[in-house]
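Some notes on the structure that comes next.
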């Protein structure tokens, strides 16, 4: 396909052609593979190359630096923090831009204006404008002269959109790491945030928490305030050292208290016991941005640096009406999300780290147990799982086994056999990894669902998630027909039952500290997400069955066919969750 080479967008090229052209660029996974092979060789060129791409796209660095930016890195909760922050800003009356990754269904989700994905028409318009300018200025120079890779291109694209659309503020989520990330070209963001840190992308960022913290703090800029959340002592030590080195003030945001939320009748729009932490960070990021926006300088009335032994603790004591609206209305699909259909309930969470899998399992077990009270024991519980990259999935699967699944199905992140393979990894490698995941599932033993969360934390998770799911059940996209929402009263009664389930004689032997029901379990591998959904749902969901060749499915065990309702947990990968949503909620991004 010939590409436009003029400096202006070519109206003959539309959205679908733009997506195809984007996929022709080097993909995220290929970039990661190259970094793994030569981790320390050229990473320092990422940011200088980004500046070259920006200039080649028709912008100046002065224009880029004129954008008022909130820059967020971290291991867990980056997307949720950005989403909360964007909603607060928009509810305060500001025009917002937000750049996040990955997308769930469509690539345009990554670039948002006022909280909504940009339209296909707008994406196409800016895509071809940027693409043509980069094509026209392409050289053989490997350092910034060629076409940028997938993520780098989208970063440049988002910058062009936000500047041209005159946003008041851009919330920018780091892709991987921070120090060498493609988003780290801003010389003076208004404020930076670092969410909870943990071990992830270790082949790229390092094998220790200290190495990862050093990388994440790479977004700090001289005199620009940085805010983090309570961290492991090893991580906070590195963040403090980096703030001293870079000469910027560092603050710690304490999680907003449940008492404060209750006093304002606030139910966070994203559920989960960690979301109070993310919401608090978002509030503080907004407040610091508001101060810099009002005063015209990001360091007005702020110290250049805080003494290492006197890092200020930020608390939230009051919430204004706009902030309350922002926290309550925030919607971030694919994270502890429940979709109810007539014979199937989908529980979706893109958890992909050990701690997030633990939180996901606790949430699912509690919510699914309460729903099962409506059906007695006539419920089948199925896991759909995939995990990519270099993660060791055995600890994940050991935790998930405590959720008492009757069956599990493992697949790739390919939606259906009709899909052109997205060039993240080869199809063979994806299949091999999914088969290995299934083998691991069959071999691991069950882990105590109470570890590492305390009983009190479990109670908070249960109460928080159930309150959120019951209060918002009728508002979930695609929640048409199906079972009635469980009553709030039933929820309250059920919490005590869940915590005392160890005494329930209906449970079987104790395994690693918890009782398990005596149930049969089956597991399968299928190549695609559609086939996984077909087998897991037994084709009871019309939108799944209409697209599926049932002859490709593994046989369904008779004891599963006898169940009147099916609970399906989808987890392990945001790409997997996105693929599922693309099938069961194809209109998710319709504004």
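In my numbering, the protein residues as written are 218 to 808.
A virtual CB, placed ideally from N, CA and C, is assigned to each residue, including glycine.
(message) Tell me the rounded alpha-carbon separation between residue 504 and residue 486.
(response) Between residue 504 and residue 486, the alpha-carbon positions lie close to 20 Å from each other.
(message) Spatial neighbours of residue 462 within its chain, please: C-beta separation below 7 Å, excluding the five flanking residues on both sides.
(response) If you ignore the 5 residues before and after residue 462, its C-beta comes within less than 7 Å of no other C-beta in its own chain.
(request) Mind listing, in chain order, the continuous beta strand (DSSP E) runs of no fewer than 3 residues lying wholly within the segment 572 to 605? (result) When DSSP assignments are scanned along the segment 572 to 605, the uninterrupted stretches of beta strand (DSSP E) that are 3 or more residues long and fall wholly within it turn out to be 596 to 602.
(request) Give the straight-line distance between the Cα atoms of residue 620 and residue 549, rounded to the nearest whole angstrom. (result) Each residue's alpha carbon lies about 24 Å from the other.
(request) Decide if residue 645 is buried, meaning its Cβ has at least 16 other Cβ atoms within 10 Å, or exposed. (result) Counting Cβ neighbours within 10 Å, residue 645 comes out exposed, since fewer than 16 surround it.
(request) Could you pull the start and end residues of the alpha helix (DSSP H) that residue 649 belongs to? (result) Unbroken alpha helix (DSSP H) run through residue 649: 644 to 660.
(request) Report yes if the C-beta distance between residue 278 and residue 372 is below 9 Å; otherwise report no. (result) Between residue 278 and residue 372, the C-beta gap is not smaller than 9 Å, which leaves the two residues out of contact.
(request) Check whether the segment 737 to 748 touches the segment 622 to 629, taking contact to mean three or more Cβ pairs, one atom from each stretch, closer than 8 Å. (result) Contact holds between the segment 737 to 748 and the segment 622 to 629, because three or more Cβ pairs, one in each stretch, are under 8 Å apart.
(request) Just tell me which of 773, 760, 560 has its CA closest to the CA of residue 804. (result) Of the candidates 773, 760, 560, 760 places its Cα closest to the Cα of residue 804.
(message) Rounding to the nearest angstrom, what Cα-Cα distance links residue 434 and residue 574 in this structure?
(response) Note on geometry: alpha-carbon atoms of residue 434 and residue 574 lie some 25 Å from one another.
(message) If I measure Cβ to Cβ from residue 554 and keep anything under 6 Å in the same chain, skipping five residues before and after, which residues do I get?
(response) Within the same chain, residue 554 has close Cβ partners 565.
(request) Could you give the DSSP three-state label for residue 389: helix, strand or coil? (result) In the structure shown, residue 389 falls within a strand segment according to DSSP collapsed to helix, strand and coil.
(request) Kindly provide the ranges of any alpha helix (DSSP H) runs that are 4 or more residues long and lie completely inside the segment 606 to 634, ordered along the chain. (result) Entirely contained in the segment 606 to 634, the alpha helix (DSSP H) runs reaching 4 residues are, in chain order, 611 to 617.
(message) Checking 9 Å against the spacing of the C-beta atoms, do residue 497 and residue 446 come in under that value?
(response) Remark: C-beta atoms of residue 497 and residue 446 approach each other more closely than 9 Å.
(request) Return the first residue and the last residue of the alpha helix (DSSP H) that residue 460 is part of. (result) For residue 460, the uninterrupted alpha helix (DSSP H) segment begins and ends at 450 to 463.
(request) Per DSSP, which residues does residue 278 bridge with? Please list them. (result) Paired residues: none, contrary to the question.
(message) By the three-class DSSP mapping on this structure, what secondary structure does residue 788 have?
(response) Note: residue 788 maps to strand in three-state DSSP.
(request) Measure from the alpha carbon of residue 582 to the alpha carbon of each residue in 747, 618, 606, then state which is nearest. (result) Among 747, 618, 606, the Cα nearest to that of residue 582 belongs to 618.
(message) Classify residue 755: buried if its beta carbon has 16 or more other beta carbons within 10 angstroms, exposed otherwise.
(response) Buried: at least 16 other Cβ atoms inside 10 Å.
(message) Between 306, 264, 301, which has its C-alpha nearest residue 547's C-alpha?
(response) Measuring from the Cα of residue 547, the nearest candidate turns out to be 301.
(message) In this structure, how does DSSP classify residue 329 when only helix, strand and coil are distinguished?
(response) Residue 329 falls in the strand class under three-state DSSP.
(message) Using the Cβ count rule (16 or more neighbours within 10 Å means buried), how would you classify residue 204?
(response) Residue 204 lies beyond the stretch modelled for the chain, which goes from 218 to 808, so this question has no answer here.
(request) Please confirm if the segment 426 to 442 is in contact with the segment 450 to 458, defined as three or more CB-CB distances below 8 Å between the two stretches. (result) Yes, they touch.
(message) The alpha helix (DSSP H) that contains residue 554, what's its start and end?
(response) Residue 554 -> not in any alpha helix (DSSP H); beta strand (DSSP E) instead, spanning 554 to 557.
(message) Quick check: is any heavy atom of the ligand FAD less than 8 Å from the C-beta of residue 398?
(response) Of ligands this structure carries none, so the ligand FAD is not represented either.
(message) Starting from residue 470, trace the beta strand (DSSP E) in both directions and tell me its first and last residue.
(response) Run containing residue 470: 467 to 470, per the beta strand (DSSP E) assignment.
(request) Alpha carbon to alpha carbon, how far is residue 262 from residue 530? Give it in angstroms, no decimals. (result) Rounded to whole angstroms, residue 530 to residue 262 spans 36 Å at the Cα level.
(request) Can you tell me which of 807, 801, 791, 350 puts its alpha carbon nearest to the alpha carbon of residue 320? (result) The shortest C-alpha separation from residue 320 is found at 791.
(request) Can you say whether residue 597 is buried or exposed, counting buried as having 16 or more other CB atoms within 10 angstroms of its CB? (result) Residue 597 comes out buried.
(request) Go through its chain and collect everything with a Cβ distance to residue 781's Cβ below 8 Å, but skip five positions before and after it. (result) Contacts found: 560, 592, 595, 596.
(request) Please look up how many angstroms separate the CB atoms of residue 293 and residue 439, rounded, as I've assumed it's under 8 Å. (result) That belief does not hold up - the Cβ atoms of residue 293 and residue 439 are roughly 27 Å apart, past 8 Å.
(message) To the nearest angstrom, how far is the alpha carbon of residue 230 from that of residue 338?
(response) Across the structure, residue 230 and residue 338 are spaced so that their CA atoms are roughly 10 Å apart.
(message) Helix, strand or coil for residue 366? Go by DSSP, reduced to three states.
(response) The three-state reading of DSSP puts residue 366 in coil, since its state is none of H, G, I, E or B.
(request) List the endpoints of the continuous alpha helix (DSSP H) containing residue 817. (result) Because residue 817 is not part of the residues shown, which for the chain are 218 to 808, the question remains open.
(request) Label residue 590 either buried or exposed according to how many other C-beta atoms from any shown protein chain fall within 10 Å of its C-beta, with 16 as the threshold for buried. (result) By the neighbour-count rule (16 or more Cβ atoms within 10 Å), residue 590 is not buried but exposed.
(request) Since I believe residue 472 is in contact with residue 499 (beta carbons under 8 Å), could you give me their beta-carbon distance rounded to a whole number of angstroms? (result) Incorrect: roughly 11 Å between the Cβ atoms, too far for contact.
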